[in-house]
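Each remark here refers to the structure printed beneath this line.
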Amino acid sequence: MGEKVLMKGNEALAEAAIQAGCRYFFGYPITPQNEIPEYMSRRLPEVGGVYLQAESEVASINMVFGGAGTGERVMTSSSSPGISLMSEGISYIAGAELPCVIMNIVRGGPGLGGILPAQSDYFQATRGGGHGDYRLLVLAPSTLQEAVDLTMEAFDLAEIYRNPVMILGDGFMGQMMEAVEFKPAPERKLPDKRDRAVGYRARRGKRALVKSLYLDPAALEAHNMKLKAKYDLMADRETRHESYLVDDAEYVVAAYGTTARIARSAVRLLRDEGIAAGMVRPITVFPFPYAPFQNLGSQVKEVLAVEMSCGQMIDDVRIGVAGKVPVSFFGRVGGVAPTVDEIAEAVRRLRKS
Amino acid sequence: MKEVRIFERPRSMADVTTHYCPGCTHGIAHRLVAEVIDELGIQETTVGVAPVGCAVFIYNYIDTDMYEAAHGRGPAVATACKRIRPDLTVFTYQGDGDLASIGLAEVAHAANRGENITVIFINNAIYGMTGGQMAPTTLLGQKATTCPLGREAKVNGYPMRVAEMLATLAAPGYIARVSVAKPKFILEAKKAVRKAFETQIAGKGFSLVEILSTCPTNWGMLPVEATDWLVEKMIPFYPLGEFKVPE
Ligand SMILES: Cc1ncc(C[n+]2csc(CCOP(=O)(O)OP(=O)(O)O)c2C)c(N)n1
Ligand code: SF4
Ligand SMILES: [Mg+2]
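Chains Y and P, in that order, give the protein sequences.
Numbering of the first sequence is given in our numbering, commencing with residue 1 and proceeding in unit increments.
Numbering of the second sequence is given in our numbering, commencing with residue 1 and proceeding in unit increments.
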């Protein structure tokens, strides 16, 4: 620890999970995240863990359900079509309040789509995807170092809130090489893993029941309200964002993940030209950082949401901005990333209009 | 004369009334599982996986740690639990819609990997919980709410013989088909359930007991008619016996 190592994104994510104490991985191959299971299949046996290639993403996520029920740190990784297939299981995991980490290295859709990076699964990640009133805690790193840091924290967060945590990445992040450092996550008080896990009946003197069925409407309503209170608590305590040159900005770009990395360069370019540009970068996309948009200064003229989608996060940006200034959109899709120049030009256009 | 107790509720069976219809044999199957858990002394270290089907509330009756899995996914849930905690005894309890239809991939691959788990498979030739729709195991000519004129091979294919199918795989340790429709079958069924759990405890791989079971409610029969129908119609198509035994 403490030293930087050059790693491919997917492998860095996998190593971070292992360093965070994850010992059990269940997954099914899909591009562009295959290096995660491949790395896990090599490394987990070395550290006394289990790697298991499931027969499908449906099975993977239900293995995660079964694994999480033992109280151990378990994860899966996939990409868009695989996450769709996991949606039912994710809903059951959220309903049964089990901790786990799901890495989603998003690719272009819909359908089989393509294998190149995209951000077109923002709705799926932040609005569910599966059925029922549940939310994931969704972390959207922008650099490999941040992806590693957030992964180191993700398992703690999952255990504290007894909720699935999703690392929302994209193919760029998965495939790029960068020097990263594995630093332990900030210390947090964690619940005892045996509290509700199966396999500790003798010690606990009480059996464990891992379930999500509440046939009595009053009981199901109470369960839903309990989940809602948990999501509200996440919003209070875990919402994260980065504000970059926003204090005096007239034009604020809203972007997350890889797009934010590109947008940062665009903001710098615009500043060099004398244009007061800035950026708000959500780091958690659920809970979404509405406050930095609510609190934008009166000098702000317009907000530009930039995404590798046809416009999904922009809905949250609009909720935050609440009509105070116009919100416009620039996006590239299908595996095409916006360039620095394209984003800068989109901001310049705002000034002219 | 001193009183001798010759029959009592298994320790692993909760002292409650089940929600099963009169004449339903789910309850007998539960009892056999509970008796075997008692006999093997594994109540504290056993984890069950409930299906989605009439037996979803098995956790109200069998008093062990339990998961409630999504429809058909029990074997995947059990796989992970057992891989992480090989010291526990892990079983799933699944209906024929759960196991042979929506969850066929999960059970087949768990069997093929030789997961060291036990599957109790209740074949009642119908979807009980949802009100009597056709199952993959529904017999030709048998009426169901979604084949009101009776199952027809050219429309719905043939009933599926799960035990035989899984017995073609190399990895499973023990596969048997039994019935609980008449007292004489119940003793055999109990032996098979016990062998299945023993196979797991001995580390000899995947075990499955298919239990031919009644659903008088959705078969539209009285309880006794249902047991007769099972013997006359189901057993000839679904022969009882052991299809795979541990070496
Ligand atoms: C994904 C999904 N699809 C459908 C259902 C509805 N459903 C509940 S139980 C069931 C069939 C149960 O039949 P079986 O497994 O044979 O069990 P039985 O009630 O006969 O014991 C179905 C289709 C569901 N709960 N989940
Ligand atoms: S519907 Fe059928 S399977 Fe379900 S409890 Fe009633 S008799 Fe048993
Ligand atoms: Mg059935």
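Think of the CB as a built atom: it goes at the ideal place given N, C-alpha and C, for glycine as much as any other residue.
{"Check": "Do the stretch 100-115 of chain P and the stretch 195-213 of chain P make contact, defined as three or more Cβ pairs closer than 8 Å?", "Outcome": "yes"}
{"Check": "For Arg-348 of chain Y, which of helix, strand or coil comes out of DSSP?", "Outcome": "helix"}
{"Check": "With Cys-100 of chain Y as the anchor, note down where its beta strand (DSSP E) starts and where it stops.", "Outcome": "100-106"}
{"Check": "When you compare the CB positions of Val-47 of chain P and Gly-199 of chain Y, do they come within less than 8 Å of one another, or not?", "Outcome": "yes"}
{"Check": "Only counting the same chain, and skipping five residues up and downstream in sequence, which positions put a Cβ closer than 8 Å to that of Cys-147 of chain P?", "Outcome": "Met-134, Thr-138, Val-155 and Asn-156"}
{"Check": "State yes or no: is the C-beta of Ala-226 of chain P nearer than 7 Å to some heavy atom of ligand 3?", "Outcome": "no"}
{"Check": "Does any residue of chain Y have a CB that is nearer than 8 Å to the CB of Thr-79 of chain P?", "Outcome": "yes"}
{"Check": "Can you check which of these residues, Y:Arg-268, Y:Leu-98, Y:Lys-226 and Y:Met-152, is closest to Lys-193 of chain Y by C-alpha distance?", "Outcome": "Y:Leu-98"}
{"Check": "Is Gln-145 of chain Y near Lys-8 of chain Y, with beta carbons less than 8 Å apart?", "Outcome": "no"}
{"Check": "In the DSSP assignment, the alpha helix (DSSP H) including Arg-268 of chain Y goes from what residue to what residue?", "Outcome": "257-272"}
{"Check": "Is it the case that the CB of Cys-147 of chain P approaches a heavy atom of ligand 1 more closely than 7 Å?", "Outcome": "no"}
{"Check": "Pull up the distance between the alpha-carbon of Ile-314 of chain Y and that of Phe-329 of chain Y, whole angstroms please.", "Outcome": "7 Å"}
{"Check": "Please identify the residue among P:Val-162, P:Tyr-158, P:Val-119 and P:Thr-199 whose C-alpha is closest to the C-alpha of Ala-50 of chain P.", "Outcome": "P:Val-119"}
{"Check": "Tell me the residue span of the alpha helix (DSSP H) that contains Lys-182 of chain P.", "Outcome": "Careful: Lys-182 of chain P lies outside any alpha helix (DSSP H) and carries neither H nor E."}
{"Check": "Taking DSSP's pairing of strands, which residues face Asp-65 of chain P in a bridge?", "Outcome": "P:Val-47"}
{"Check": "Can you tell me whether Asp-247 of chain Y is buried or exposed, with buried defined as 16 or more other CB within 10 angstroms of its CB?", "Outcome": "exposed"}
{"Check": "Can you name, in chain order, every residue of its own chain whose Cβ lies under 6 Å from the Cβ of Arg-203 of chain Y, other than the five neighbours on each side?", "Outcome": "none"}
{"Check": "What residues from chain P crowd round Val-50 of chain Y, counting only those whose CB sits closer than 9 Å?", "Outcome": "Ala-80, Arg-83 and Ile-84"}
{"Check": "May I ask which residues mark the beginning and end of the beta strand (DSSP E) holding Gly-95 of chain Y?", "Outcome": "First-last for Gly-95 of chain Y: 80-95, but that is the alpha helix (DSSP H), not the beta strand (DSSP E)."}
{"Check": "Is the beta carbon of Thr-214 of chain P closer than 8 Å to that of Thr-25 of chain P?", "Outcome": "yes"}
{"Check": "Name the chain Y residues that come within less than 9 Å of Met-66 of chain P, Cβ to Cβ?", "Outcome": "Val-198, Arg-207, Ala-208, Leu-209, Val-210 and Lys-211"}
{"Check": "On the criterion of 16 or more Cβ atoms from any shown chain inside 10 Å, does Asp-121 of chain Y qualify as buried, or is it exposed?", "Outcome": "buried"}
{"Check": "Going by DSSP, what residue range makes up the beta strand (DSSP E) through Phe-25 of chain Y?", "Outcome": "24-27"}
{"Check": "Would you call the stretch 229-237 of chain Y in contact with the stretch 259-274 of chain Y, where contact means no fewer than 3 C-beta pairs closer than 8 Å?", "Outcome": "no"}
{"Check": "Please classify Ile-122 of chain P: is it buried, with 16 or more other beta-carbons within 10 angstroms of its beta-carbon, or exposed?", "Outcome": "buried"}
{"Check": "With respect to the beta strand (DSSP E) encompassing Gly-278 of chain Y, which residues constitute its N-terminal and C-terminal limits?", "Outcome": "277-282"}
{"Check": "Report yes if the C-beta of Asn-60 of chain P is less than 7 Å from at least one heavy atom of ligand 2; otherwise report no.", "Outcome": "no"}
{"Check": "If you drop the 5 nearest sequence neighbours on each side, which residues of the same chain put their C-beta closer than 7 Å to that of Thr-227 of chain P?", "Outcome": "Ala-181, Lys-182 and Thr-214"}
{"Check": "So the candidates are Y:Glu-181, Y:Glu-187, Y:Met-177 and Y:Tyr-134; which of them puts its Cα closest to the Cα of Asp-156 of chain Y?", "Outcome": "Y:Glu-187"}
{"Check": "Quick check on Glu-342 of chain Y: does DSSP put it in helix, strand or coil?", "Outcome": "helix"}
{"Check": "Give me the chain P residues within the contact set of Thr-76 of chain Y, using Cβ-Cβ distance strictly less than 8 Å, ordered along the chain.", "Outcome": "Going along chain P, no residue has its Cβ under 8 Å from Thr-76 of chain Y, so there is no contact; the nearest lies around 10 Å."}
{"Check": "Taking the alpha-carbon of Ala-249 of chain Y as reference, which of Y:Gly-205, Y:Ile-30, Y:Asn-104 and Y:Val-280 has the nearest alpha-carbon?", "Outcome": "Y:Val-280"}
{"Check": "Looking only at C-alpha atoms, which of Y:Ser-91, Y:Leu-85 and Y:Ala-154 sits nearest to Ala-54 of chain Y?", "Outcome": "Y:Leu-85"}
{"Check": "Rounded to whole angstroms, what is the Cα-Cα separation between Asn-34 of chain Y and Ala-185 of chain Y?", "Outcome": "26 Å"}
{"Check": "Check whether the Cβ of Ile-126 of chain P lies closer than 7 Å to any heavy atom of ligand 3, and answer yes or no.", "Outcome": "yes"}
{"Check": "List in chain order: all unbroken alpha helix (DSSP H) runs of 4+ residues lying wholly within the stretch 29-67 of chain Y.", "Outcome": "35-46"}
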